[in-house]
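> Sending over a structure as structure tokens; questions will come in a sec.
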Amino acid sequence: MHVSAIIAAGGRGARFGGSQPKQLLMLGGVPILKRTVDAFLRGYPFIEVIVAVPAELAASPPDYLDDVIVVEGGARRQDSVANAFRAAAPSAQVVVIHDAARPLVTASLIERTVDAAFEHGAAIAALQATDTVKRGDASRVIRGTLPRDEIFLAQTPQAFRTGVLRDALALAASASDATDEAMLAEQAGHHVRLVDGDPRNLKITTPEDLEMAERLIGARGSAPAMRIGNGYDLHRLVAGRPLILGGITIPFDKGLQGHSDADAVCHAITDALLGAASAGDIGRHFPDTDPAWKDADSIVLLQRAAQIVSRAGYAIANLDVVVIAQQPRLVPHIDAIRHSVARALGIDVQQVSVKGKTNEGVDSMGAGESIAVHAVALLQHS
Ligand code: MG
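Mapping of the sequence shown onto this note's numbering: residues 797 to 1178, in sequence order.
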């Protein structure tokens, strides 16, 4: 499924006061807009993320918008969304729209909204009212009590099949201010489904909201900026197996014994990455009792570990790996291993260090009966 994302960040945030658009205010030391954009970039495999920002920001976008398409916002919210939609790829089947002012959106909320829109045409995240809902008049006198089970408070993400959004935005040109796209889709005669929203997915509209969001982030255990992980692996060297290290097959008369391809470099790095994210170890994620991993390409395990790290909100800063092998000589293969690991993890080769060592002839490694690998991984909060 081809899904595009639009982040509406064109507003000025008049309700917040102050000179700065509210989406540029800092939340826990990071601009709100950056948090929202990052949540989208890592939350779903979008074909593109399009961000509509005020003209002055579009003229010189900050670095954190490097991986998105930046368009100028319009006078009203629906104009910003329309501008962004015009920039969307023709192949998009579903478009998901999100408020920049909701930085605490989760990957699972994005996914269930997109899935429901794909199935039903249009879907929005919403919370069912839990308080009793009263209707009041201008002088604050209650004029009725509404049935709570019929009241839903709309959030974003709001997702639409492309044709539905096109109909909705066609109305937008003539409509007065619409507070969300679902309203336009409803007016265009489409059914819009409600999916379970998230009470933490709050919209930062006032200074009190910002304080609440700070508390919610803190309550998550205030993720540290950096985390370090350590990985170790050892396999026996036996005849009749290929020797594979970091995805590279090295010419030698023996290879490493194991359930998978026994790539000890990949295994040690995988454990270092999982360890750094406090996400368990290789045995828990890829048990050797599971036939799925028999003769598995360990590069795939490495990529899975990188995915787990990224979902935890971290990026790989660098890796340092020591391979202890009496034989063969590894020097001619070190660069190929570094490139292979970097490619698998989607990082630069400069972030991957691999060093070879002999074991001075002692122990099983020194006797040529085994190869051992130590790896250290440093993660930085993304
Ligand atoms: Mg192993």
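Don't be surprised by glycine CBs; every beta carbon is placed ideally from N, CA and C.
Going by alpha carbons, who is nearest to Q954 out of K930, G985, D911?
It is D911 whose Cα lies nearest to the Cα of Q954.
> Do L965 and A878 count as a contact pair if the criterion is CB distance below 7 Å?
In contact: A878 and L965 (Cβ atoms closer than 7 Å).
> Compute every distance between the C-beta of D1029 and the non-hydrogen atoms of ligand 1, then say whether any falls below 6 Å.
Correct: D1029 has its Cβ closer than 6 Å to ligand 1.
> D976 to Q874, Cα distance in whole Å?
Roughly 8 Å separates the two Cα atoms.
> If you reduce the DSSP assignment to three classes, tell me which class M1008 lands in.
In the structure shown, M1008 sits in a helix (DSSP, three-state: H, G or I).
> Helix, strand or coil: how does DSSP classify E844 here?
In the structure shown, E844 sits in a strand (DSSP, three-state: E or B).
> Tell me the DSSP bridge mates of N1026?
BP columns for N1026 point to V1172.
> Drop a sphere of 10 angstroms on the beta-carbon of L942, count the other beta-carbons inside from all chains shown, and report buried for 16 or more, exposed for fewer.
L942 is exposed by the Cβ-count criterion.
> Among N1155, R1023, E982, which residue has its Cα nearest to the Cα of L1174?
Nearest option by C-alpha distance: R1023.
> With burial defined as no fewer than 16 other Cβ atoms inside 10 Å of the residue's Cβ, what is the status of S1166: buried or exposed?
With 16 or more other Cβ atoms within 10 Å, it is buried.
> Under the three-state reduction of DSSP, which class applies to D945: helix, strand or coil?
DSSP places D945 in helix when its eight states are reduced to three.
> With DSSP collapsed to three states, give me the class of N1155.
Three-state DSSP puts N1155 in coil, outside helix and strand.
> Hey, is Q1063 close to ligand 1, as in C-beta under 6 Å from one of its heavy atoms?
One point to set straight first is that residue 1063 is His, not Gln, in the sequence displayed. The answer is yes for H1063.
> Applying the 10 Å Cβ sphere with the 16-neighbour rule, what's the burial state of K818?
Its Cβ being crowded by 16 or more others within 10 Å, K818 is buried.
> Give the secondary structure of R872 by DSSP, where H, G and I count as helix, E and B as strand, and everything else as coil.
Coil, per DSSP.
> Tell me the DSSP bridge mates of D895?
In DSSP, D895 forms a bridge with A804.
> Ignoring anything shorter than 3 residues, give me the beta strand (DSSP E) runs that lie fully in the stretch 979-1008, in order along the chain.
Runs found: 989-992.
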